[in-house]
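A.B. asks: First residue of the sequence shown: 5, per the numbering used here; consecutive thereafter.
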Amino acid sequence: MSTEQKTTVALINFVGLPPDHLRLNTADREEIVEFFANEVVKYDASWLDTVANEVYRQAGTICYTPEEFAQTEQGKAIKSQGLWTTDVVNDDKLPVVPWPRLKDQSLRPLAGIKVIDISRVIAAPTITRILALLGAIVIRVSNNIEPEFGMLLLETNMGKYDMQINLKTPEGKAEMKHILSEADVILDGYRPGCMESLEFGRQAVHEMALKRGKIYVILSYL
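#1: Classify Q85 as helix, strand or coil using the three-state DSSP reduction.
#2: Assign S123 to buried or exposed, taking buried as 16 or more other Cβ atoms, counted over all protein chains shown, within 10 Å of its Cβ.
#3: How would you write the range of the beta strand (DSSP E) that D121 sits in, first residue to last?
#4: Per DSSP, what are the beta-bridge partners of L21 in this structure?
#5: Nearest to T173 by alpha carbon, out of F73, N147 and R61?
#6: Would you report the Cα separation of V119 and R61, rounded to the nearest angstrom?
#7: Among the residues of its own chain, which have a CB less than 6 Å from the CB of D192, if the five just before and after it don't count?
#8: Between the alpha carbons of L114 and E72, how many angstroms are there, rounded?
#9: Roughly how many whole angstroms lie between the Cα atoms of V189 and C67?
#10: Secondary structure at M167, three-state DSSP: helix, strand or coil?
#11: Sorted by chain position, which residues of the same chain lie with C-beta nearer than 7 Å to A213's C-beta, five sequence neighbours on each side aside?
#12: Taking 8 Å as the limit between beta carbons, can you name the residues of its chain near T76, skipping five residues before and five after?
#13: Below 7 Å CB to CB, which residues in the same chain sit around L176 once its five sequence neighbours on both sides are set aside?
#14: Let me know if K181 comes out buried or exposed under the rule of 16 or more other beta-carbons within 10 Å of its beta-carbon.
#15: Take M167 and list the residues in its own chain whose beta-carbon comes closer than 8 Å to its own, dropping the five residues that flank it on each side.
#16: Grouping DSSP H, G and I as helix and E and B as strand, with all else coil, what is I143?
#17: In whole angstroms, what is the alpha-carbon distance linking A81 and R105?
#18: For the alpha helix (DSSP H) containing V209, list its first residue and its last residue.
#19: Would you report the Cα separation of G163 and A136, rounded to the nearest angstrom?
#20: Keeping to the same chain, check which residues put their C-beta closer than 8 Å to that of Y47; ignore five residues upstream and five downstream.
#21: Please classify I149: is it buried, with 16 or more other beta-carbons within 10 angstroms of its beta-carbon, or exposed?
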């Protein structure tokens, strides 16, 4: 399941596990584990998968074997695709540009490349952490409105800069446009349509690229 605090609390309430339940007010770990196990066993994986995703919008799924996944609706939909796909926006107005000139003698392969990390939790932040390890300048866009899973930040935020930006405000949008003006790579780890609703979808970013005369590489792990 997702580590998103608000939706997780709502879901565990639904399956009879409210955080303030009297049985949970104990320091006895074994007692708490037993209580959770006795409640969760009442529901099967298929029901939890449907309710969690379609009702509570949780990022979670059943742990299938490769053979089982191939028989699911999602497995059938992507069976002809590889591990990744590439879409190229052809535009003669965007010429090839040289690799950035470096002021130091860094030998790391991505030195000088600027990456904007718009993601949360595990998968996408891990990708940009690796890019930072390879020498890229990674700026993570975060905000102080949505709760963070602090333990993961220790692992996935290493080697990055972090900017508090609220993309729902005019000030935040202006800040985002500023950092995008100097970026080379954008990683979007949010649900499809999310960045479009905030005015930073692919089409909007492409128009920014046309104005500055330099392409962006946009990565999406969804």
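For each residue, glycine too, the CB sits at the ideal point set by N, CA and C. Every value quoted in this text rests on a predicted model; they were computed, and no experiment measured them.
C.D. replies: From the atom records:
#1: When secondary structure is reduced to three states using DSSP, Q85 falls in the coil class, being assigned neither helix nor strand.
#2: buried
#3: K118 to I122
#4: Partner(s): none; L21 has no beta bridge.
#5: N147
#6: 28 Å
#7: Excluding sequence neighbours, D192 sits near I122, M199 and S224.
#8: 38 Å
#9: 32 Å
#10: strand
#11: Same-chain partners within the cutoff: L98, I219 and Y220.
#12: Taken in chain order, the residues that qualify are Y68.
#13: Residue identity check: residue 176 is Gly in the sequence provided, not Leu. The answer, listed in chain order, is I169 and N170.
#14: exposed
#15: Within the same chain, M167 has close Cβ partners I143, R144, V145, S146, E179 and I183.
#16: strand
#17: 43 Å
#18: R206 to R216
#19: Approximately 6 Å between the Cα atoms of the pair.
#20: V19
#21: I149 should be labelled exposed.
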